[in-house]
Structure formats: structure tokens, C-alpha cells
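Asks:
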Amino acid sequence: MRPRRECELIEDRLPPLLENDLPAGEMILVRAHLEDCPECAGALENLRAISDAIVKLRPSDGFTAQALERAKHAIRGPTALRPPVPVRSVLTVAAAAFLCITLFVIGPPSLPGWTALASVPRELLTDLSPIAARVPLPSLFRPVTNPAEPIAPEHR
Amino acid sequence: MKRARGGDRSAFERLIDRHGPDLLRYVTRLTHDTESALDVFQDSFFRAFRSLTSLREPGMFRTWVASIATNIVRKRLRQAKNELLPLREEPPDTALADVSVQAHESAGKDLLRASIEELPARQRAVLSLRLEVGLPFQKIGDVLGISEENARSHHYQALKNLRRRMPQFVERDDIGDRT
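Line order of the protein sequences matches chains A and V.
The number in our numbering is simply the position in the first sequence, starting from 1, with 326 added.
The number in our numbering is simply the position in the second sequence, starting from 1, with 6 added.
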């Protein structure tokens, strides 16, 4: 007759055994014990029966049908909001539009016109905005009299 | 899934048909009565439909909706000032208990259902996600906000508790879907 303590240890390992979740060494020991112990083998069958029965347990067909119909009605009904807006697509389009507008205004970096805005006379900027006249322009916007002249940082 | 993400309602309805029955089983384990179960189930899929584009991995749909359902129940319980997923104290609702007026309904099935209801809430949730929804332990952990190891531990303890209540339970031919 097997010591009770050994069977208690084996019984603890039966649920993970059902899931094939025991380390290889323990699996061998447990299976060897089960071959010699009808009580523990019966316990494993009991657990397996319970587990299998739960897998098959379901609410009534009528209840399930009612639930599915309610869920479908919720997405169809007038109170359902419009289909989901793909937010990422909207942001992508917005970002692309912003980039296009920016490049259109400033011009691509590789062209001499990149300094186009920099070469705009300050007086013109002043005309465009009274506020601009009072804001010191960064070097990028410093008027260029000679396009060949490098734009040096402003000395303040 | 692709058409559903594009807003195609009929495609989403097919997702409901495919995943709904198993998710309904999970929702019934979390809730206290038929109407709550129907409410949570409906609300879960409604929210899933509205935010489907935020689901990055279409293969995670079932896990994702189970998470939504769990969060809805948690929020409702917080609002009702109950503890998180408390043990259900009242007897199971007859609709959820599969209406045992049928002559061939087995006593074993009733005992099984009652025994599951007696489990602590967390064990009941893990057991349902594993055996009724069919999620692996890692995803169960994601749904419930616990570690994978913790999920395994709860599942094994739930099985041991059920065995303690039903040490003579054997599988019978009449356990299963009603026709």
C-alpha cells in the first residue's frame, strides 16, 4: 500500500498533468505512480471527466440566440454610431497634406530656393505682418543680398 | 476581419456568430443574472465594433473582446460598490442553468454547474476562459491582468476544488449540448 503522503503529492500534480504542464522528470514519476495506484488513476479520470464536461457545458440554445441577436442589433440600430473611422489613416493623410503644403511654401531643401524665404526682404515681411517686424528673425530668414554669401549666425 | 475593420457590419456580425457563443459562456460566469449577462455581452461587442481599428492583431479578437467584457463587469461592480468579481451568492438563474425542467437533464450536470458557481470568482473566470473560451494561460493573464503563472495556479486550484465537491463525477452521454 502506498504511503498517503505520496498520493497527496501526486494528486497535486494531476491538474498540470492534464495540461501537459509538468517538467519531463516529474511527468515520468507521476505516470509511473499512476500505473501502480488505482486510487490516483481514478482521481485523474475524475479530473478529466470534470474538465471535459465543462468544455461541453453551454447555456440554452434560446439564450444564446437571444444574446447574439441583441449584439447584432446593437451594431445595426439607429443609436449605433457610424462605422469606426480609421484614425491612423486620417492622421496619415493629414500629415501628408501638411508636408505637401510646407514643401510648397518653403520649397524642397536641395534647391537653391530653400533660402527663398530667407531672401524675402524684411520690409515685405513687415508689410505682411506688423508683429513680424518686431520679432527678430532667425538666421534662416535673414535677407540675403548676395546668394553666394554664406548665412552666418547672427551676432547679438 | 479586414472588412469588419473597414466598417462592414455584416462582416462583424459573422465575427459575432463565430466568437459570440463561447464569449457568452464566459460572460455568464462573471455576471449575476440573465439580463446582466445579455447587457454585458451586447455592450462588449458594441464597443468592439466601435474600436475595431485599434485592434492591432486580428488573431487576438477573442482575447480582446473577453478583456472588454471583463472591464465592463469590473466597472459595473465598482459602480455598485461591490468587491471585484465577487462570489455569486444567489442560486444560478434558470436560463443560465440551462433550464433543468427537461426530463433528460442530468443531476451530474446540475451539480457541475452549481459547483462552478461555488468557486471563488477569480478561479471561476480563469476556468471559463481556459475551458469555455479556449484561451492559453498567457492570454488569460492578459484578460484578467494577472501573470501567466498566476492564471495556471488559479486553474489548477479550481479543478482541485471541483474534484473535492464531485469526487465521483464521471462523464456521461447526456452531458453536453441540449438538442
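Glycine included, C-beta positions come from ideal geometry on N, C-alpha and C.
1) With the cut-off set at 7 Å, would you say V2 of chain V and A43 of chain V are in Cβ contact?
2) Compute the Euclidean distance between the alpha carbons of C363 of chain A and R171 of chain V, then round it to the nearest angstrom.
3) Touching or not, the stretch 79–88 of chain V and the stretch 346–359 of chain A, by the rule of three or more beta carbon pairs under 8 Å?
4) Look at the alpha carbon of A421 of chain A and the alpha carbon of G12 of chain V, and state the distance between them as a whole number of angstroms.
5) For a quick check, are the C-beta atoms of V139 of chain V and H161 of chain V less than 7 Å apart?
6) Verify the CB distance criterion: does R396 of chain A have a CB-CB separation below 7 Å to chain V?
7) Does the beta carbon of Y1 of chain V sit closer than 7 Å to a beta carbon anywhere in chain A?
8) Does the stretch 45–57 of chain V touch the stretch 68–80 of chain V, meaning 3 or more C-beta pairs lie closer than 8 Å?
9) Using CA coordinates, which residue listed in V:T37, V:P173, V:K166 is at the minimum distance from L343 of chain A?
10) Which chain C residues are close to N372 of chain A, counting only those with a beta carbon under 9 Å from its beta carbon?
11) Pull up the distance between the alpha-carbon of G147 of chain V and that of I401 of chain A, whole angstroms please.
12) Using only the alpha-carbon positions, how far apart do W440 of chain A and L417 of chain A sit?
13) Mind checking the stretch 376–397 of chain A against chain V and listing, in chain order, the residues whose C-beta falls within less than 9 Å of any C-beta there?
Replies: Well, looking at it:
1) Nothing can be reported for residue 2 of chain V, as the shown portion of chain V is limited to 7 through 185.
2) Walking along the first sequence from the start, residue 363 of chain A turns up at place 37. Walking along the second sequence from the start, residue 171 of chain V turns up at place 165. Whole-angstrom Cα-Cα distance: 22 Å.
3) no
4) Within the first sequence, numbered from 1, the residue matching residue 421 of chain A stands at position 95. Within the second sequence, numbered from 1, the residue matching residue 12 of chain V stands at position 6. Roughly 21 Å separates the two Cα atoms.
5) The residue given as residue 139 of chain V occupies position 133 in the second sequence. The residue given as residue 161 of chain V occupies position 155 in the second sequence. No, the Cβ-Cβ distance between V139 of chain V and H161 of chain V is not below 7 Å.
6) Translated into positions along the first sequence, residue 396 of chain A becomes position 70. For R396 of chain A, the answer is yes, since a Cβ of chain V falls inside 7 Å of its Cβ.
7) Coverage of chain V is limited to positions 7 through 185, which leaves residue 1 of chain V absent and any answer about it impossible.
8) Below 8 Å, enough C-beta pairs join the stretch 68–80 of chain V and the stretch 45–57 of chain V to call them touching: three or more.
9) Sequence index remark: in the first sequence, residue 343 of chain A carries index 17 (1-based). The shortest Cα separation from L343 of chain A among V:T37, V:P173, V:K166 belongs to V:K166.
10) Here chain C cannot be found, since the structure's protein chains are A and V.
11) Here the question's residue 147 of chain V lines up with position 141 in the second sequence. Here the question's residue 401 of chain A lines up with position 75 in the first sequence. Answer to the nearest angstrom: the Cα atoms are 29 Å apart.
12) As a working note, residue 440 of chain A is residue 114 in the first sequence. As a working note, residue 417 of chain A is residue 91 in the first sequence. For W440 of chain A, the predicted model reports a pLDDT of 48, less than 50, meaning its position is unreliable and no value from the coordinates is stated.
13) Close to chain V, meaning a Cβ-Cβ distance shorter than 9 Å, are the following residues of the stretch 376–397 of chain A: I376, S377, D378, A379, I380, V381, K382, L383, R384, P385, S386, D387, G388, F389, T390, Q392, A393, L394, R396, A397.
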